[in-house]
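For the sequence shown, this note's numbering begins at 79 and goes up steadily by one.
Every residue, glycine too, gets a C-beta built ideally from N, C-alpha and C.
For clarity, every value in this text was computed on a predicted model and none was experimentally measured.
Let me begin by presenting the structure, written as C-alpha coordinates, before commenting on it.
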Amino acid sequence: GFRLGAKDGLACALSATATEAVMDDLVALAKDRTNGSSRLLLLSALKKSKSSIAKQALEELASDPDLKKEIASWHRGKR
(Lines of atoms letter the chains of each structure in order from A and count residues from 1; the text may use other names and numbers.)
(Lines give C-alpha, C1' and ligand atoms only; values in the text may rest on other atoms or scores of the structure.)
Protein backbone atom coordinates (compact mmCIF):
# COMPACT_ATOMS: atom_id res chain seq x y z
CA GLY A 1 0.00 0.00 0.00
CA PHE A 2 0.80 3.66 -0.15
CA ARG A 3 2.36 5.07 2.99
CA LEU A 4 2.99 8.75 3.64
CA GLY A 5 5.88 9.93 5.73
CA ALA A 6 5.22 12.46 8.49
CA LYS A 7 6.25 15.42 6.34
CA ASP A 8 4.12 14.21 3.44
CA GLY A 9 1.11 13.71 5.70
CA LEU A 10 1.47 17.19 7.17
CA ALA A 11 1.92 18.71 3.72
CA CYS A 12 -1.28 16.98 2.50
CA ALA A 13 -3.23 18.23 5.50
CA LEU A 14 -1.90 21.76 5.15
CA SER A 15 -2.59 21.86 1.44
CA ALA A 16 -6.15 20.59 1.85
CA THR A 17 -7.05 23.02 4.63
CA ALA A 18 -5.04 26.08 3.60
CA THR A 19 -6.77 29.43 3.72
CA GLU A 20 -5.50 32.81 2.57
CA ALA A 21 -4.72 33.57 6.23
CA VAL A 22 -1.94 30.95 6.30
CA MET A 23 -0.63 31.54 2.78
CA ASP A 24 2.56 33.24 4.08
CA ASP A 25 3.36 30.14 6.13
CA LEU A 26 2.54 27.79 3.25
CA VAL A 27 4.82 29.76 0.93
CA ALA A 28 7.64 29.63 3.50
CA LEU A 29 7.28 25.85 3.80
CA ALA A 30 7.21 25.42 0.02
CA LYS A 31 10.38 27.49 -0.37
CA ASP A 32 12.24 25.60 2.38
CA ARG A 33 14.28 22.99 0.51
CA THR A 34 14.91 21.05 3.73
CA ASN A 35 11.27 19.90 3.43
CA GLY A 36 12.29 17.85 0.39
CA SER A 37 9.73 16.32 -1.95
CA SER A 38 6.93 17.00 0.55
CA ARG A 39 6.90 20.48 -0.94
CA LEU A 40 5.27 19.08 -4.08
CA LEU A 41 2.17 18.42 -2.00
CA LEU A 42 1.91 22.10 -1.07
CA LEU A 43 1.81 23.29 -4.66
CA SER A 44 -1.88 22.56 -5.21
CA ALA A 45 -2.87 24.98 -2.45
CA LEU A 46 -0.63 27.66 -3.92
CA LYS A 47 -2.06 27.01 -7.37
CA LYS A 48 -5.66 27.32 -6.13
CA SER A 49 -4.96 30.48 -4.17
CA LYS A 50 -6.00 33.85 -5.55
CA SER A 51 -3.39 35.66 -3.43
CA SER A 52 -0.57 37.57 -5.08
CA ILE A 53 1.79 36.03 -2.49
CA ALA A 54 1.01 32.53 -3.79
CA LYS A 55 1.27 33.55 -7.44
CA GLN A 56 4.64 35.22 -6.86
CA ALA A 57 5.87 32.18 -4.94
CA LEU A 58 4.92 29.87 -7.80
CA GLU A 59 6.86 32.07 -10.23
CA GLU A 60 9.91 31.79 -7.98
CA LEU A 61 9.44 28.06 -7.37
CA ALA A 62 9.22 27.41 -11.12
CA SER A 63 13.04 27.45 -11.15
CA ASP A 64 13.41 25.24 -8.06
CA PRO A 65 15.09 21.99 -9.16
CA ASP A 66 12.69 19.84 -7.11
CA LEU A 67 9.50 21.60 -8.20
CA LYS A 68 10.06 22.99 -11.69
CA LYS A 69 8.96 19.84 -13.53
CA GLU A 70 5.59 19.79 -11.73
CA ILE A 71 4.96 23.51 -12.20
CA ALA A 72 5.96 23.36 -15.89
CA SER A 73 3.48 20.51 -16.43
CA TRP A 74 0.59 22.83 -15.52
CA HIS A 75 1.40 25.13 -18.43
CA ARG A 76 1.60 22.25 -20.90
CA GLY A 77 -1.87 21.11 -19.83
CA LYS A 78 -3.42 24.50 -20.66
CA ARG A 79 -2.45 24.51 -24.33
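Query	Result
Test item: CB-CB of alanine 140 and leucine 120 under 8 Å	no
Boundaries (first-last residue) of the alpha helix (DSSP H) holding leucine 119	No alpha helix (DSSP H) holds leucine 119; DSSP gives it neither H nor E.
Alpha-carbon to alpha-carbon, glycine 87 and leucine 124	17 Å
Bounding residues of the alpha helix (DSSP H) (the contiguous stretch that carries serine 130)	130-139
DSSP three-state assignment for threonine 112, whether helix, strand or coil	helix
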